[in-house]
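Please read the structure below before turning to the comments.
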Amino acid sequence: MIMRYLLPLLFSAGLCSGQFATPIASYDIKAILDTKTHTIAGSEVLTWVNDSPDTVPALQFHLYMNAFRNSQSTFFKESGGQLRGDKFKGDEWGWVKVNSMKIEGGADLTGAIKFIAPDDGNTEDRTVIEVTLPQPVKPHESLRIAIDFTTKTPMVFARTGFHGDFYLGGQWFPKIGVWETAGFRYSSRGAWNCHQFHANSEFFANFGDYRVELTVPSHMVVGATGEQVRRAENTLNNTTTYTFRQDSVTDFAWTVQPNYIREERMFAADQETTPEEIAAVAKLHNIPVQDVRLSDVKMIAMVQPEHREQIERHFTSLRTALKWFGLWYGHYPYKTITVVDPPYGAGGAGGMEYPTFITAGTSWRLPKRALTLEMVTVHEFGHQFWMQLVANNEFEESWLDEGFNTYSTGKVLDKAFGPSTLPVKLYDLDLWSFLKLPRFTQESVDRTAYLSGPVEDDLVRRSWEYYSSASYGLNSYMRTGVTLRTLEGLLGAGTMARVMRAYHQRWRFRHPTSRDFQKVVNEVSGRNMDWFFDQFVFGNRLLDYAVGSVSSVRQRTPMGAFEKDGSMNVVTRKDAEEIDVKNEGNKSFKQQYLCTVKIQRRGDAVAPVEAVIHFSDGSTEKRTWDGSYRWVKYTFLRNAAVDWVQIDPERKYQLDVSYANNGWQSKYNIALSTHWTGNFLFWFQNLLLWMTAIA
Amino acid sequence: MNPFHAIQGAMRRALSRKRMIGLYWLFHTLCAALAAVPLMGFIVPHLARSRYGEELLRQFDFMWITELLGITRDSPLTVSGAAAAAAACLAMLGSLFLAGGAVKLIVFEAVPYSPSEFWEGCGRCFWRLLRLMLYSLLFFGAVLLVDGLLNKGARKLWGEGMVEEPLVLALWFRQTLMVLLLGFVVTAMDFSKVRLVADDSRRSLRAAFGSVRFVWAHMRFFFPAWLVLGAIWLLGTWLYVQVSKRIDAVTMPSILFLIVLQQVYVVFRIALRMLSWGTAAEFEQALRPKPEEPAPVMAAVSTEPPSFEASEAEDFSI
Ligand SMILES: [Zn+2]
Numbered sequence: 080m081i082m083r084y085l086l087p088l089l090f091s092a093g094l095c096s097g098q099f100a101t102p103i104a105s106y107d108i109k110a111i112l113d114t115k116t117h118t119i120a121g122s123e124v125l126t127w128v129n130d131s132p133d134t135v136p137a138l139q140f141h142l143y144m145n146a147f148r149n150s151q152s153t154f155f156k157e158s159g160g161q162l163r164g165d166k167f168k169g170d171e172w173g174w175v176k177v178n179s180m181k182i183e184g185g186a187d188l189t190g191a192i193k194f195i196a197p198d199d200g201n202t203e204d205r206t207v208i209e210v211t212l213p214q215p216v217k218p219h220e221s222l223r224i225a226i227d228f229t230t231k232t233p234m235v236f237a238r239t240g241f242h243g244d245f246y247l248g249g250q251w252f253p254k255i256g257v258w259e260t261a262g263f264r265y266s267s268r269g270a271w272n273c274h275q276f277h278a279n280s281e282f283f284a285n286f287g288d289y290r291v292e293l294t295v296p297s298h299m300v301v302g303a304t305g306e307q308v309r310r311a312e313n314t315l316n317n318t319t320t321y322t323f324r325q326d327s328v329t330d331f332a333w334t335v336q337p338n339y340i341r342e343e344r345m346f347a348a349d350q351e352t353t354p355e356e357i358a359a360v361a362k363l364h365n366i367p368v369q370d371v372r373l374s375d376v377k378m379i380a381m382v383q384p385e386h387r388e389q390i391e392r393h394f395t396s397l398r399t400a401l402k403w404f405g406l407w408y409g410h411y412p413y414k415t416i417t418v419v420d421p422p423y424g425a426g427g428a429g430g431m432e433y434p435t436f437i438t439a440g441t442s443w444r445l446p447k448r449a450l451t452l453e454m455v456t457v458h459e460f461g462h463q464f465w466m467q468l469v470a471n472n473e474f475e476e477s478w479l480d481e482g483f484n485t486y487s488t489g490k491v492l493d494k495a496f497g498p499s500t501l502p503v504k505l506y507d508l509d510l511w512s513f514l515k516l517p518r519f520t521q522e523s524v525d526r527t528a529y530l531s532g533p534v535e536d537d538l539v540r541r542s543w544e545y546y547s548s549a550s551y552g553l554n555s556y557m558r559t560g561v562t563l564r565t566l567e568g569l570l571g572a573g574t575m576a577r578v579m580r581a582y583h584q585r586w587r588f589r590h591p592t593s594r595d596f597q598k599v600v601n602e603v604s605g606r607n608m609d610w611f612f613d614q615f616v617f618g619n620r621l622l623d624y625a626v627g628s629v630s631s632v633r634q635r636t637p638m639g640a641f642e643k644d645g646s647m648n649v650v651t652r653k654d655a656e657e658i659d660v661k662n663e664g665n666k667s668f669k670q671q672y673l674c675t676v677k678i679q680r681r682g683d684a685v686a687p688v689e690a691v692i693h694f695s696d697g698s699t700e701k702r703t704w705d706g707s708y709r710w711v712k713y714t715f716l717r718n719a720a721v722d723w724v725q726i727d728p729e730r731k732y733q734l735d736v737s738y739a740n741n742g743w744q745s746k747y748n749i750a751l752s753t754h755w756t757g758n759f760l761f762w763f764q765n766l767l768l769w770m771t772a773i774a
Numbered sequence: 107m108n109p110f111h112a113i114q115g116a117m118r119r120a121l122s123r124k125r126m127i128g129l130y131w132l133f134h135t136l137c138a139a140l141a142a143v144p145l146m147g148f149i150v151p152h153l154a155r156s157r158y159g160e161e162l163l164r165q166f167d168f169m170w171i172t173e174l175l176g177i178t179r180d181s182p183l184t185v186s187g188a189a190a191a192a193a194a195c196l197a198m199l200g201s202l203f204l205a206g207g208a209v210k211l212i213v214f215e216a217v218p219y220s221p222s223e224f225w226e227g228c229g230r231c232f233w234r235l236l237r238l239m240l241y242s243l244l245f246f247g248a249v250l251l252v253d254g255l256l257n258k259g260a261r262k263l264w265g266e267g268m269v270e271e272p273l274v275l276a277l278w279f280r281q282t283l284m285v286l287l288l289g290f291v292v293t294a295m296d297f298s299k300v301r302l303v304a305d306d307s308r309r310s311l312r313a314a315f316g317s318v319r320f321v322w323a324h325m326r327f328f329f330p331a332w333l334v335l336g337a338i339w340l341l342g343t344w345l346y347v348q349v350s351k352r353i354d355a356v357t358m359p360s361i362l363f364l365i366v367l368q369q370v371y372v373v374f375r376i377a378l379r380m381l382s383w384g385t386a387a388e389f390e391q392a393l394r395p396k397p398e399e400p401a402p403v404m405a406a407v408s409t410e411p412p413s414f415e416a417s418e419a420e421d422f423s424i
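Chains as they are written, first to last, in the numbering used here: chain W, 80 to 774; chain V, 107 to 424.
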């Protein structure tokens, strides 16, 4: 009880800054890699703490590697054997077999293992097992379980496996699920949260302390989660055993390859940040300077020989990410960070995050301004903050890791590296830069992607329940980026920065939900933003405001019958016209215009919006509209016509699906029409000239 | 005859046909307008009165493109696509038609330019040039096949490997080879056009294969000339890119200057096309053995417009 309810209070009070998590699921693993059969002979001792008030009768484990067992697994059925463009080829399937499972010094559980499929009932799926215990685990009791297992690694196409003599060990050992007691996340009663491995899903685990002994052929260069604490050569069989340790993480991954170039650099916190930067952050969050200071980190890069010239780009990316993520959300608490560059042909292993260990990816002779390497490295590093330190359930709420990370990564990249090009080359010439094609910020990349399918789904769904894997990607990454930037627009940059840091600090080493974030937003901003979450996070409303119509009608002299001194006085049409003509010639006469501006809400999302109406005499009117009905009309009687109208002038609503219809101007943009017509004409002329070269 | 002499001669031939270059430009521009105008038809209303247009004046914005696609969805794009396809067909057929007149006036230098001479050549040669184009697809297809096979081979050798470098180097090799092979085919086909016109022959298939053989056999002449023409194109393109990217096209004068520059580049490309026909004509005259008995048409060439009636039934081929 104390553990569960006291700890959150401590965290909220900010007393825990710098402290590690309470271990719930800790692993002591010994693994021997056989590169001939691509198998791992493993034995693990799991120490699991029941930190709940519940009595737990059975355990559930993920056997992730069985996703690659055959074409009948849920992963294969959902993915069709391909992920992120990488396809499964050949017959090197992957699996994990639990040879034995025992309570240490107690009962043998092997016979009690049964496969379950809690998500889809697919009896062919072997990615989750349940083991009924002879005696239930009592509240706050801990359990040590020894598991003997064999893992066959697959040909790499989805994160894990081998390619040639390269190995990436991810999702490779039997891993216990998360016991969710009532009140934990969305749980209303104690139950296991142990989802099957889905095509679009990532993972979820408790924090724990890991100690892993990895025995591999001696010629291999090794990298893994955490710090290497021991290295012992076994001269008898030409293997070497590496021991890695890392406390307070949710997973463990490793890699080997004989020809990695492995280099180290130090992130020296005091040299990477200036006192002014530290002071500015302390001031913004109203916290002591020492709480902002970062710590030193050993950066390790494991790069392919053909990318030798890009080693420093890896370090620069890590350095930049360590600095800004650290300053914005809180220092990176681990001692190492390893970035892995998988070889060509093993792209499926790239762009993945594990605790203190990430995989990036690049291409041969990548142009300098094409920032794909920086993007992927900063992004995967960002997951140390969104996924690892703040360990949400990636199966169920991927926006909290992928989306938050997209938002944060975009900010780091745009701030530190500026806009990027695409790696389009003619031979070794960077064609994109040569032709001076437009560069793009991460912010615009996100919105571009978002616009391709703005509301196919609610933003938050269980990852395998999106309309398509494209929709999963769009919502989990880019639409979240745009949504959080919109929230930032509404709250202001300073408040948003405080929201993000408060959320991170409060949920560091814990497992938040979307609702927890919502609570922090309301609390820190002091505003009720539920309307925003209802429509844009838990809903699928489309936001589109538009200038409907604008008119400025010159006011004429009134005509007709008017009562004057008790009798009717008729101003004839002719009289009125004569007065108008006279007025026209009179320079001191102030012509009046009846200006009407109609603003429409074309989407189903309702949100307060600002509009600026600018008149040709330089004067300006500002209006705020709640958007409740479909349109609103503003009228002004002025001495000038409307010059331009702009809805949402500060572009707070990046979620608005059309920027073009947010603005109107009286001046017809002849330059634009001319320029683009000229360009299109020129491009078509050239295209036709190429085509008719054969005529 | 060295290649520089050939190109010098070609220049003389092309420059004496400035009006023809103008006509070609007009035709390509009209075809391009056929594709560009519908596209502008839905872009201009979208932006011309939007303040977003001001931001987009300098350069495209990817956000705007997806925004436009999202709003317009299918219909306007289908219209634009159809217009572009129609423009492409028209350009192809029109180019084949015009090529007859153009090649005729380039080959027969002494014939003074007149619209009737030009259109006569267009009408006379259309079908044989159309056939030639279709036969040329065989050669272009062969080039693509070679490229496909090389690609397959490279994939087989290095596709499953651990390094990307050999695949990229193989791509560069393939790109180079493709440029050379396509250059060869285009040169040979240009030569066969000249040959068909010079001989007033209808035997397109024979001309195509004969020209491939001939150009191959006289590579020491054709290749350097092709290289020089290629270098001129590269230089012109480089110049255009360098100047155009320095123009900040946001004011009307700068936009108009850019448009003029673009059209100068288009004319340059058309002139280059004439230049390659002219080069082929120079080589044809200098290198190709003439038939034993001079045909009446050949005699007529130097003095007056050729009278083609006499040769309709006969073929002159190597
Ligand atoms: Zn990610």
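Note that beta-carbon positions come from the ideal geometry of N, C-alpha and C, so glycine has one too.
Here the structure is a predicted model, which means the values were calculated and not measured.
Query, Result
"Of all the options W/Asn279, W/Asn285 and W/Ala146, which has the alpha carbon lying nearest to the alpha carbon of W/Trp271?", "W/Asn285"
"Taking the straight line between their C-alpha atoms, what separation do you get for W/His117 and W/Trp174?", "11 angstroms"
"What whole-angstrom Cβ distance do W/Gly573 and W/Leu363 have, given they're in contact under 8 angstroms?", "6 angstroms"
"Contact check, W/Pro502 vs W/Pro446 under 8 angstroms by CB: the rounded distance?", "6 angstroms"
"For W/Asn471, verify whether its CB is less than 7 angstroms away from any heavy atom of ligand 1.", "no"
"Rounded to a whole number of angstroms, what is the C-alpha to C-alpha distance between W/Met80 and W/Asp595?", "Bear in mind that the predicted position of W/Met80 carries a pLDDT of just 33, short of 50, making it too unreliable to give a figure here."
"To the nearest angstrom, report how far apart V/Val366 and W/Gly706 are at their CA atoms.", "47 angstroms"
"Which two residues bound the contiguous alpha helix (DSSP H) that contains W/Gln350?", "Ala348 to Glu351"
"What does DSSP give as the partner residues of W/Tyr672 in its beta bridges?", "W/Arg633 and W/Arg717"
"Output, in chain order, the set of chain V residues within a Cβ distance shorter than 9 angstroms of W/Pro215.", "Those do not exist, as W/Pro215 stays about 50 angstroms from chain V at its closest Cβ, beyond 9 angstroms."
"At a cut-off of 7 angstroms, is W/Asn554 close to ligand 1 when judged by its beta-carbon and the heavy atoms of the ligand?", "no"
"Taking the alpha helix (DSSP H) that W/Asn648 belongs to, which residues open and close that run?", "Run containing W/Asn648: none in the alpha helix (DSSP H); it sits in the beta strand (DSSP E), Ser646 to Val650."
"Counting only C-beta atoms, is W/Ala772 closer than 8 angstroms to chain V at any point?", "yes"
"Using a Cβ-based criterion (distance less than 7 angstroms to any ligand heavy atom), does W/His462 qualify as near ligand 1?", "yes"
"Quick one: give me the first and last residue of the alpha helix (DSSP H) that W/Val328 is part of.", "Segment Thr318 to Val328 is the beta strand (DSSP E) holding W/Val328; no alpha helix (DSSP H) there."
"Among residues of its own chain, excluding the 5 on either side of W/Arg633, which ones have a beta-carbon nearer than 7 angstroms to its beta-carbon?", "Gln670 and Tyr672"
"Any residues in the segment 741-752 of chain W with a beta carbon nearer than 9 angstroms to a beta carbon of chain V? Which ones, in chain order?", "Asn741, Gly742, Trp743, Gln744, Ser745, Lys746, Tyr747, Asn748, Ile749, Ala750, Leu751 and Ser752"
"Shortest alpha-carbon distance to V/Ala270 belongs to which of W/Ala425, W/Val235, W/Thr485 and W/Ser477?", "As written in the sequence, residue 270 of chain V is Glu, which differs from the Ala given in the question. Answer by Cα proximity: W/Ala425."
"What in chain V is Cβ-close to W/Gly240, meaning under 7 angstroms?", "Result: empty, since nearest Cβ-Cβ is about 14 angstroms, beyond 7 angstroms."
"What is the DSSP secondary structure of W/Phe252, reduced to helix, strand or coil?", "coil"
"In the segment 144-170 of chain V, which residues sit with their C-beta less than 8 angstroms from some C-beta in chain W, listed in chain order?", "Leu145, Met146, Ile149, Val150, His152, Leu153, Ala154, Arg155, Ser156, Arg157, Tyr158, Gly159, Glu160, Leu162, Leu163, Gln165, Phe166, Asp167, Phe168, Met169 and Trp170"
"Of the residues W/His693, W/Asp735, W/Tyr732 and W/Arg702, which one's Cα is nearest the Cα of W/Val724?", "W/His693"
"Please check if any C-beta of chain V sits within less than 8 angstroms of the C-beta of W/Glu657.", "no"
"Taking the alpha-carbon of V/Gln368 as reference, which of V/Thr357, V/Val349 and V/Val356 has the nearest alpha-carbon?", "V/Val349"
"My parser needs the beta strand (DSSP E) runs of 3 or more residues fully inside the segment 487-565 of chain W; what are they?", "none"
"Which residues bound the alpha helix (DSSP H) around W/Thr134?", "Careful: W/Thr134 lies outside any alpha helix (DSSP H) and carries neither H nor E."
"Apart from the five residues just before and just after W/His754, which ones in its own chain have a Cβ nearer than 7 angstroms to its Cβ?", "none"
"Taking a contact to mean a Cβ-Cβ separation below 8 angstroms, would you say W/Met431 touches W/Gly249 in this structure?", "yes"
"Expressed to the nearest angstrom, what Euclidean distance is found between the alpha-carbon atoms of W/Leu516 and W/Leu508?", "14 angstroms"
"Can you tell me which of the three DSSP states W/Phe694 falls into?", "strand"
"Buried or exposed for V/Cys195, please, with buried defined as at least 16 other CB atoms from any protein chain shown within 10 angstroms of its CB.", "exposed"
"Assign V/Leu204 to one of three DSSP states: helix, strand, or coil.", "helix"
"Give every residue of the same chain whose Cβ lies closer than 6 angstroms to the Cβ of W/Ala100, excluding the five residues on either side of it in the sequence, and list them in chain order.", "Phe286, Ser327 and Phe588"
"How many Å lie between V/Asp421 and V/Pro395 at the Cα?", "Unreliable positioning characterises V/Asp421 in this predicted model, as indicated by a pLDDT of 40, which lies under 50. A coordinate reading is not provided."
"Closest Cβ-Cβ distance between W/Pro367 and chain V: below 8 angstroms?", "no"
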